[in-house]
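In my numbering, the protein residues as written are 1 to 260. The C-beta atom is built at its ideal place from N, Cα and C for all residues, glycine as well.
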């Protein structure tokens with residue numbers, strides 16, 4: 001598994017700044033890391049480089065049409081869990097849904113810890129107890145853990161999941177999914193009664209701001225679980241020796257783009 005230091009060293013050798021067996025100085029490595037993170041930020045804005053669409057999942061609340069995404073936003077998850085190595089074991093979910101790409105926070109949790117893969121968790125649904133793979137190794141005793149989504153750049157597509165009813169009550173395990181339209185600002189502005197009541201959200205408008213993104217639902221939903229598919233934002237690296245977790249082939253792309 002490569003690290004930013006590995007990529008920076010190879011890129012410097014590619015342009016002739018280092019000879020075989022040489023390593024960058026501390027200042028050169030730090031300058032390389034700054035440029036590396038700038039390049040990663042640029043990649044986040046280029047859909048061709050994004051290999052994964054983050055699925056953001058949350059239940060709508062009756063008479064609430066506005067939801068915020070990002071650190072400290074209204075959309076996230078709270079659950080009881082423990083960490084051994086890079087495995088998160090969730091035993092009970094208090095609120096929200098657990099999906100890939102979420103960042104964890106809580107007592108003893110290493111900053112920047114994220115869920116990178118499903119194991120026994122998230123089987124038929126996205127909010128199941130079970131195990132998940134993390135991007136870092138650590139040991140955390142069972143405790144309350146909060147999880148949040150990074151502020152997305154855009155929402156690419158969406159659907160709403162609604163429980164099926166029979167005899168006035170929901171059927172266990174039964175649901176239907178309905179497509180949700182993604183509105184532009186002009187289309188959202190053109191809606192005359194934005195608080196109009198409806199059974200579930202049929203359209204959303206997304207406003208990305210500097211720290212938090214805001215999702216506006218239309219009509220005012222009485223029920224439903226929204227599934228938003230958003231462009232993934234590549235994380236920055238705070239340390240030269242952090243592990244890089246990109247799919248096969250990305251290390252070469254990082255190396256040659258950084259060299260360029």
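Review point. Apart from the five residues on each side of it in sequence, which residues of its chain come closer than 7 Å, Cβ to Cβ, to residue 120?
Key: 130 and 131
Check your understanding: How long is the line joining the alpha carbons of residue 200 and residue 163, rounded to whole angstroms?
Key -> 11 Å
Exercise for review: Flag this pair as yes or no: are the beta carbons of residue 83 and residue 138 separated by less than 7 Å?
Suggested key: yes
Point to revise | C-alpha distance - residue 140 paired with residue 185, whole-angstrom precision | key: 44 Å
Exercise for review: Please state if the CB of residue 152 and the CB of residue 230 are separated by a distance shorter than 7 Å.
Suggested key: yes
Review point. So residue 102 packs on residue 148, CB below 8 Å; how close in whole Å?
Key: 7 Å
Practice item. Just mark residue 225 as buried or exposed, buried being the case when its beta carbon has 16 or more other beta carbons within 10 Å. Key: buried
Point to revise | Buried versus exposed, by CB contacts within 10 Å (16 or more), residue 218 | key: buried
Check your understanding: Between residue 208 and residue 21, what straight-line distance do the alpha-carbon atoms span, to the nearest angstrom?
Key -> 46 Å
Practice item. Express the C-alpha separation of residue 2 and residue 91 in angstroms, rounding to a whole number. Key: 33 Å
Practice item. Pick helix, strand or coil for residue 45, following the three-state DSSP scheme. Key: coil
Point to revise | Anticipated Cβ contact below 8 Å, residue 111 with residue 100, distance rounded | key: Not really, about 19 Å apart at Cβ, beyond 8 Å.
Practice item. Sort out for me which residues DSSP pairs residue 250 with in a bridge. Key: None; residue 250 has no bridge partner.
Practice item. Would you check if the stretch 40–56 and the stretch 187–196 touch, i.e. whether three or more CB-CB distances between them fall below 8 Å? Key: no
Review point. For the beta strand (DSSP E) that residue 53 lies in, which residues bound it at each end?
Key: 53–59
Check your understanding: Pick from 108, 250, 71 and 36: whose alpha carbon is nearest that of residue 210?
Key -> 71
Practice item. Can you say whether residue 150 is buried or exposed, counting buried as having 16 or more other CB atoms within 10 angstroms of its CB? Key: buried
Review point. Based on Cα-Cα distance, which residue from 107, 115 and 257 lies nearest to residue 98?
Key: 115
**Study point:** Close beta carbons around residue 144, own chain, < 7 Å, minus the five adjacent residues each side
**Key:** 78, 80 and 106
Review point. Can you pull the DSSP bridge partners for residue 217?
Key: 204
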